[in-house]
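Residue numbers (this note's numbering): 281 to 349.
Glycine is no exception: its CB is placed at the ideal position from the N, C-alpha and C atoms.
Note sheet for the following structure.
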Amino acid sequence: MDFKQTIAFVNLANTLDYQYAAKKSGITVDELVRTIKALENELNIKLIRPEGGVVELTEIGGKTFTVDH
């Protein structure tokens with residue numbers, strides 16, 4: 281896990297919005313999606329569950345990376 285992956289996930293977890301999280305992370309939406317997938321593959325867990333364009337944290341995603349709103 282690297283810093284870029286952590287920042288991308290935290291931004292997505294905070295916003296639950298790919299466009300806004302990508303902008304905050306300084307990357308494109310495609311890069312954000314690839315970064316999150318790489319993080320999930322590295323950790324061997326699902327952190328997010330995209331549901332029809334809406335982003336939801338999985339249970340483990342919410343517990344692993346507690347985010348203040």
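Separation of residue j from residue i, as counted between CA atoms
i    : j    : result
L305 : T295 : The question names Leu, but residue 305 is Ser in the sequence shown. Straight-line Cα distance between these residues: approximately 11 Å.
K303 : D310 : 11 Å
I340 : I307 : 25 Å
N324 : F283 : 18 Å
Contacts around residue i, its chain only, beta-carbon distance under 8 Å, and the 5 residues preceding and following it disregarded
i    : result
I316 : Q285, A288, F289, L292, L327 and I328
P330 : E336
A318 : Q285
Nearest-angstrom Cβ-Cβ length linking residue i and residue j, presumed shorter than 8 Å
i    : j    : result
Y298 : L312 : 6 Å
M281 : E320 : Contact doesn't hold; Cβ gap of about 11 Å is too wide.
Query - Sequence ranges, alpha helix (DSSP H) only - wholly within the region 288–340, length at least 4 - result: If we require 4 residues or more, the alpha helix (DSSP H) runs fully inside the region 288–340 come out as 298–305 and 309–323.
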